[in-house]
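Residue numbers (this note's numbering), protein chains in the order written: chain L, 60 to 144; chain U, 2 to 181. Just so you know, even glycine gets a beta-carbon here, dropped at the ideal spot from N, CA and C.
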Amino acid sequence: MTDEPDSLLESLARRTGGLEPPADFTARVLARVAANREREPWAVRGVVLGMLAAAAALAIWVSASAQQEIDARALSGLELVELEQ
Amino acid sequence: MTEPDLSLVARQVQRGDRAAFRSLVEHTQRELFRLAARLMGSTADADDVLQDAYVKVHRALGDGQFDGRANLRTWLYRVVTNTALDALRRRAVRPAGDDRELPALGAESCGGAEAQVALSELARWLDELPVEQRAALVLCSVEGLTNSEAAEVLGVSPGAVEQRLVRARATLRKKRGGDD
């Protein structure tokens, strides 16, 4: 009883043993691999450009924040001078 | 045609040798096409799955993901099986009415009418099985791998493979009983 499904599958394995890919299969695989190879450098460039843009935005934000802090300190210094006078 | 040492061919592909990749495809495509067809139940789907798998193989070899410690045949089986399982899962969740017509491949170009009939019969038997059980059954009972080899391909323990086989055989036995 336990071998029953297996004997059916063994028979189907034998009968499907002649399956093979179409004659142009290798050519189509190589064409796809070549197309992917051409696309990949552009994808990498896209990622690098995205990272550069993010780094530039971060630098601008850090610079602006630092400037705001300097301005705030300068203003509080002026207020102290005014109070002392 | 003599069979080249495929591990050596894989190392040549890793070094960017395009002719070596062609050789790898030419010497492995028949066996892997049969595997993909038996997993998918159709030669048109097998064609798509195997193309995707070879693109992954090329990329993985280029990236050094195959370190040569695993058996190359087992590794290729794993890439093809995983690609087929992903396609079967996508097919299972595809909404009704989205049954895109796949390009029909001529029976004579894929092994003859008898093989196509047998493949349809196999697909009918395996259709109701969950994809993991289907893969275990195809690898062990159709491809003739041992439980340990199938476990390595599927990335699970041999015990898990055995469990899937028991469940799959029980479902098939019930289906066979119902059909008689």
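Just the Cα atoms here: how many angstroms apart are residue i and residue j?
| i | j | result |
| --- | --- | --- |
| ALA116/L | SER135/L | 29 Å |
| SER24/U | ARG98/L | 23 Å |
| LEU137/L | GLY105/L | 48 Å |
| GLY98/U | ARG92/U | Confidence is the limiting factor: at GLY98/U the pLDDT is only 48, short of 50, which leaves the residue's position unreliable, though a coordinate-based value still follows. About 12 Å. |
| VAL81/U | LEU33/U | 7 Å |
| LEU9/U | LYS176/U | 46 Å |
| ALA114/L | THR147/U | 53 Å |
| GLY112/U | PRO80/L | 8 Å |
| ALA21/U | GLN30/U | 14 Å |
| PHE67/U | VAL94/U | 31 Å |
| VAL56/U | ARG90/U | 20 Å |
| SER70/L | VAL118/U | 13 Å |
| ALA112/L | THR85/L | 41 Å |
| MET60/L | ARG73/L | For MET60/L, the pLDDT reaches just 41, beneath the cut-off of 50, and the residue's location in the model is therefore unreliable, leaving the point undetermined. |
| GLY109/L | VAL103/L | 10 Å |
| PRO104/U | GLY69/U | Unreliable positioning characterises PRO104/U in this predicted model, as indicated by a pLDDT of 45, which lies under 50. A coordinate reading is not provided. |
| TRP120/L | CYS141/U | 60 Å |
| ARG74/U | ALA118/L | 50 Å |
| ASN83/U | GLU122/U | 23 Å |
| GLU4/U | VAL107/L | 42 Å |
| ALA151/U | ALA71/U | 14 Å |
| ARG163/U | ALA136/U | For clarity, residue 163/U is Glu in the given sequence; the question names Arg instead. Straight-line Cα distance between these residues: approximately 12 Å. |
| ILE129/L | GLU141/L | 19 Å |
| ALA11/U | HIS28/U | 12 Å |
Within the continuous alpha helix (DSSP H) that includes residue i, where are the two ends?
| i | result |
| --- | --- |
| ARG16/U | Note, ARG16/U: premise wrong, no alpha helix (DSSP H); not H, not E. |
| GLY63/U | 44–63 |
| ALA151/U | 148–155 |
| PRO81/L | Note, PRO81/L: premise wrong, no alpha helix (DSSP H); not H, not E. |
| GLU214/U | No statement about residue 214/U is possible, as the shown extent of chain U runs from 2 to 181 and does not include it. |
| VAL118/U | 114–127 |
| ASP65/L | 63–74 |
| ASN83/U | 73–94 |
Residue i and residue j look like a contact to me (Cβ under 8 Å); what is the Cβ gap, rounded to whole Å?
| i | j | result |
| --- | --- | --- |
| VAL132/U | LEU86/U | 5 Å |
| ALA124/U | GLY65/U | Not a contact, Cβ separation roughly 37 Å. |
| LEU78/L | LEU120/U | 7 Å |
| LEU36/U | VAL58/U | Actually they are not in contact, since the Cβ atoms of LEU36/U and VAL58/U sit about 14 Å apart, beyond 8 Å. |
| LEU138/U | LEU127/U | 7 Å |
| ALA116/U | THR75/L | 5 Å |
Are any of the Cβ atoms in chain A nearer than 8 Å to that of residue i?
| i | result |
| --- | --- |
| GLN30/U | Among the protein chains in the structure shown, which are L and U, there is no chain A. |
Near-chain L residues of the region 34–47 of chain U - C-beta to any C-beta below 7 Å: Taking 7 Å as the Cβ-Cβ cut-off against chain L, the residues of the region 34–47 of chain U that qualify are PHE34, ARG35, ALA38, ARG39 and THR44.
Is there contact here, the region 121–128 of chain L with the region 45–52 of chain U, by at least three beta-carbon pairs under 8 Å? The region 121–128 of chain L vs the region 45–52 of chain U: no contact.
Check distances from the C-beta atoms of the region 71–82 of chain L to those of chain U and list, in chain order, the residues that come in under 9 Å. Of all residues in the region 71–82 of chain L, LEU71, ALA72, ARG73, ARG74, THR75, GLY76, GLY77, LEU78, GLU79, PRO80, PRO81 and ALA82 have a Cβ within less than 9 Å of some Cβ in chain U.
Could you tell me whether the region 83–93 of chain L touches the region 163–170 of chain U, using the rule of 3 or more Cβ pairs below 8 Å? Taking 8 Å as the limit for Cβ pairs, the verdict is that the region 163–170 of chain U does not touch the region 83–93 of chain L.
Taking a cut of 8 Å between CB atoms, which residues from the region 149–166 of chain U lie near chain L? Nothing from the region 149–166 of chain U brings a Cβ to less than 8 Å from some Cβ of chain L.
Interfacial residues, the region 2–21 of chain U to chain L, with Cβ spacing under 9 Å: Of all residues in the region 2–21 of chain U, only ARG19 come within less than 9 Å of chain L when Cβ atoms are compared, listed by chain position.
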